[in-house]
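These notes concern the structure reproduced below.
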Amino acid sequence: MKQLRLALADGHYDRHRLRLLIKRLRYVTDAYPQFSLITPEATASLKVAQNALGEWHDRFVWCRQAENQQDLWPLLPEWQDAQETALERAEAALFALSRALTSKTRDASRS
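Here our numbering runs 1 ahead of the position in the sequence shown, where the first position is 1.
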């Protein structure tokens with residue numbers, strides 16, 4: 002979880018690698034909920050962030066392919082717009098996840 006928090010705090014951290022960190026924590030939390038150190042809200046935020054980053058990454062890959070395949074060039078402007086929108090949604094989801102993870106830390110320190 003520490004690595005994920007550091008990655009979330011780093012605005013330049015690779016978003017695909019960040020998705021993999023989120024995915025790993027989410028799957029561990031789903032598999033062993035009795036040992037989870039995060040709140041249900043944070044667990045839900047993991048899923049939202051993972052999905053949002055997945056949507057962005059799909060569009061990122063499409064755009065990279067379209068740049069190199071002339072037959073896809075007509076689709077590129079639409080895909081670039083969709084990629085930008087997906088990134089904005091992903092960034093909002095990451096912000097919410099960061100807040101959810103931080104609120105758990107605060108709650109734990111009060112106990």
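Beta carbons: idealized from backbone N, C-alpha and C, even for Gly.
Contact check, residue i vs residue j, beta carbons under 7 Å
{"i": "R60", "j": "A83", "result": "yes"}
Cβ of residue i within 7 Å of any chain B Cβ
{"i": "R18", "result": "Structure shown: chain B not included; a single protein chain is present."}
Sequence-distant residues of its chain with Cβ nearer than 7 Å to residue i (five each side left out)
{"i": "Q81", "result": "C64"}
Neighbourhood of residue i by C-beta, 8 Å cutoff - its chain only, sequence neighbours within 5 removed
{"i": "R27", "result": "T44, L47, K48 and Q51"}
{"i": "L9", "result": "L19, L95, L98, S99 and L102"}
{"i": "I23", "result": "L5, L47, A50, Q51, L54 and L98"}
Environment of residue i [buried if 16+ CB atoms lie within 10 Å]
{"i": "A91", "result": "buried"}
{"i": "A135", "result": "Beyond the ends of the chain as shown, which are 2 and 112, falls residue 135; an answer cannot be given."}
{"i": "T86", "result": "exposed"}
Spatial neighbours of residue i in its chain, beta-carbon cut-off 6 Å, leaving aside the 5 residues before and after
{"i": "S37", "result": "T30"}
{"i": "L77", "result": "A67"}
Cβ separation of residue i and residue j, assumed to be a contact under 8 Å, to the nearest whole Å
{"i": "R16", "j": "W57", "result": "7 Å"}
Every unbroken alpha helix (DSSP H) inside the region 12 to 55 [4 residues or more]: For the alpha helix (DSSP H) assignment, the uninterrupted runs of no fewer than 4 residues enclosed by the region 12 to 55 are, from N- to C-terminal side, 16 to 32.
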